[in-house]
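Numbering of the sequence shown is given in our numbering, commencing with residue -8 and proceeding in unit increments.
Every residue gets a Cβ at the ideal spot worked out from N, C-alpha and C, and that includes glycine.
Everything below concerns the one structure shown next.
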Amino acid sequence: MKHYSVFAVAREALRQHTGWDRAWAKAEPKKKYDVIIVGAGGHGLATAYYLGKNHGIRNVAILEKGWLGGGNTGRNTTIIRSNYLQDPSAAIYEKSRSLYETLSQDLNYNIMFSPRGVMMLAQTQHEIRGYQRTAHANGLQGVETAFIGPDKVKELCPIINISGPRYPVLGALWQPRGGTARHDAVAWGYARACSAMGMDIIQQCEVTGIRRDAGKVVGVDTTKGPIDCDKLALVTAGHIGVMANMAGFRLPVESLALQALVSEPIKPVMDVVVMANTVHGYMSQSDKGEMVIGGGTDGFNNYTQRGSFHHIEETVRALVETFPMISRLKMLRQWGGIVDMTGDRSPILSKTPVEGIFVNCGWGTGGFKAIPGSGWAMAELMAKGASPLTEEFSMWRFREGKFIDESVAAGVAH
Ligand SMILES: Cc1cc2nc3c(=O)[nH]c(=O)nc-3n(C[C@H](O)[C@H](O)[C@H](O)COP(=O)(O)OP(=O)(O)OC[C@H]3O[C@@H](n4cnc5c(N)ncnc54)[C@H](O)[C@@H]3O)c2cc1C
C-alpha cells in the first residue's frame, strides 16, 4: 500500500494522478477464514483492523451485503463525545474518543477529526441537575467536561437565542474535546488498512444463513456461496435481529428508523456542536457549510431506511426557537438509517449462546463516536476471550438485571 503524504500528492500532481492504487482490493471469498465479520460498517471494519493490528489475526473476511459504509456509518451526523454517566460507558466512549484524536495518523488516512467542542443544552431545571451530575461523574472518570452557564453558551455559540419564550437556555454540559469526523473517511480509512493487512473485504455478499455443528459455528451461507470460519462476528446494527434469528438466539434489540437532514450550504456561523434534548434536535455545521440537523427515531419498529416528513417538521420547529436564523434556510436533503436500540440505551459486545459467535450491536442512535473503541474492545474479546472494556456489556445483563442506564446521555438521537 502506498503511503499518503504531501510528497505523494505532489508527485501525483505532476503525473496527472495516474499513480494512485485502489484504496482497498476487490476480493472474492476463499473457502475458509479464521474470522468472518458480517457487516462492513465502521464497527465491523474497526473490529477487523484491531484484530490484525493488536492481535496478529489477519486471515479475516468482512462480508457486506451492500456497499462498504453504506449502512448507518455513512448516514450519521458524525457527533463524537464521551460524556456518558455510567463508568463502563465512559470507559469505552472515552477510549474511542481518544483513539479518534490520532486516527488519521494511525490509519494514514485523513478522517477529518475536528474536536470543536460539543454542548448539550439544559433547558429545564431537571436537565440542569442531570447534567451537573454527569459533569461530576465525568470528573471522577477522567473525562473532561464542565457544566457551563447561559452566558458561556452564548459566547461559544452566538447564533443561539438563550432567552426563548418556552425553553430558555439555562446552561449546558460542555465537552471541549468532543466534535465531529468525516463518516465515510472513517470507514474508508479502516477498509484501506484492513486490505493492506491482507484481509478480504467482500461487498455485494449477503449472509443468508449461519451454519452450526454441535453448538459451535462452522461457517456462513452467502449469496456468493458457503464460507467456513472458526469465529464469527455479527456487526449489522439495525439488522442484528435478523442475524441472531439465523444463529438461533434472540437479542433484546428493536430496529427503528432514525433520520437527519442538511440545509443548503452557508458561510461559517457555528463552530461547535449543539444538542438540545428537551426540544429534541441537534445541529452542527459541516465543512461544506451545510447545517447538519438530526431528529428523533420513528415511534414504531421498521426497516424503511428513509426519512419522513412529520419528523422534519417536528425537528425544525423545535430548533427554530433556539436558532431563529435557521428559519430562513432551505433544506437540501434528508435521509434515514436503521438503528438498533436496547432497553438501557447501551450497546451489546458479547459472546453468545453459540460457541464462536460474537455480537457487537445496540449502539442505537450514537455508535459513530464509538467505532474505534468498540473495534478495539471487540477484537480483544474475540482474540483473548475477554476484554475489560466489554465485561459489563454482555447480552446476559438483561437477564440478570444489570442494566447500564444511559437514557439521559442518549436522550436526543445522536
Ligand atoms: C440519521 C442518523 C444519525 C446518527 N448520528 C450519530 C451521531 O451523530 N453520532 C454517533 O455517534 N452516532 C450516530 N448515529 C448512529 C451511528 O450511525 C451507528 O450507531 C453506527 O454507524 C453503527 O455502525 P455499524 O458499523 O454498527 O453499523 P452499519 O454502519 O449500519 O453497518 C452494518 C452493515 O451491515 C450490513 N449488513 C446487514 N445485514 C447483512 C447481511 N445479512 N449480510 C451482510 N451484510 C449485512 C449493512 O449493509 C451495513 O453496511 C446516527 C445514525 C443515524 C441513522
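- For G357, the number of other beta carbons within 10 angstroms of its own is at least 16, and it is reported as buried.
- If you draw a straight line from the Cα of M369 to the Cα of I153, it comes to about 42 Å.
- Taking non-hydrogen atoms of ligand 1 into account, the C-beta of K215 is found less than 7 Å away from none of them.
- By DSSP's assignment, N74 forms no beta bridge with any residue.
- Here R88 carries a helix assignment [DSSP, helix/strand/coil].
- Per DSSP, R324 is one residue of the beta strand (DSSP E) stretching across M322 to T333.
- Here DSSP, grouped into helix, strand and coil, assigns K342 to strand.
- The beta carbon of A187 sits closer than 6 Å to those of M(-8), all from its chain and outside the five residues before and after it, given in chain order.
- Three or more Cβ pairs closer than 8 Å define a contact, and the region 134 to 152 falls short of that threshold against the region 33 to 48.
- Distances from the CB of G287 to the heavy atoms of ligand 1 are all 7 Å or more.
- Around the beta-carbon of Y294, fewer than 16 other beta-carbon atoms lie within 10 Å, marking it exposed.
- Checking the DSSP bridge columns, you'll see D219 partnered with K23 and G210.
- Scanning the region 101 to 187 from its first residue to its last, the whole beta strand (DSSP E) runs of 3-plus residues come out as 109 to 113, 137 to 139 and 162 to 166.
- Within the chosen limit of 7 Å, ligand 1 reaches the beta carbon of V198 through at least one heavy atom.
- Annotation: the continuous alpha helix (DSSP H) that includes A309 extends over F300 to T313.
- Taking C-beta atoms as the reference points, E281 and V260 fail to come closer than 8 Å.
- DSSP places E3 in the helix class (H, G or I) of the three-state scheme.
- Residue pairing of N351 in beta bridges, as defined by DSSP: L340.
- Contact between E118 and N268 is confirmed by a C-beta separation of about 6 Å, below the 8 Å threshold.
- Annotated as distal: S365 and E371, with beta-carbon spacing of 8 Å or more.
- Residue range G33 to H46 is occupied by the alpha helix (DSSP H) that includes Y40.
- Apart from the 5 residues on each side of it in sequence, P344 sits with its Cβ closer than 6 Å to the Cβ of F240 in its chain, given in chain order.
- Our two residues, D142 and V160, have alpha carbons roughly 9 Å apart in a direct line.
- Per the coordinates, the alpha-carbon of D212 lies some 49 Å from the alpha-carbon of H127.
- Annotation for M234 indicates a beta carbon within 7 Å of some heavy atom of ligand 1.
- Here DSSP, grouped into helix, strand and coil, assigns L225 to strand.
- Here DSSP, grouped into helix, strand and coil, assigns Q195 to coil.
- Burial is judged here by how many other beta carbons sit within 10 angstroms of a residue's own beta carbon; Q116 has fewer than 16 and is exposed.
- Beta-bridge pairing by DSSP links T69 to no other residue.
- K23 and G347 have their C-alpha atoms some 15 Å from each other.
- Counting the other Cβ atoms within 10 Å of the Cβ of A(-1) gives fewer than 16, which makes it exposed.
- Nearest in C-alpha terms to E397, of all of V208, R49 and S73, is S73.
- Distance from the C-beta of A224 to the nearest heavy atom of ligand 1 is not below 7 Å.
- One alpha carbon belongs to Q250, the other to T333, and they sit about 18 Å apart.
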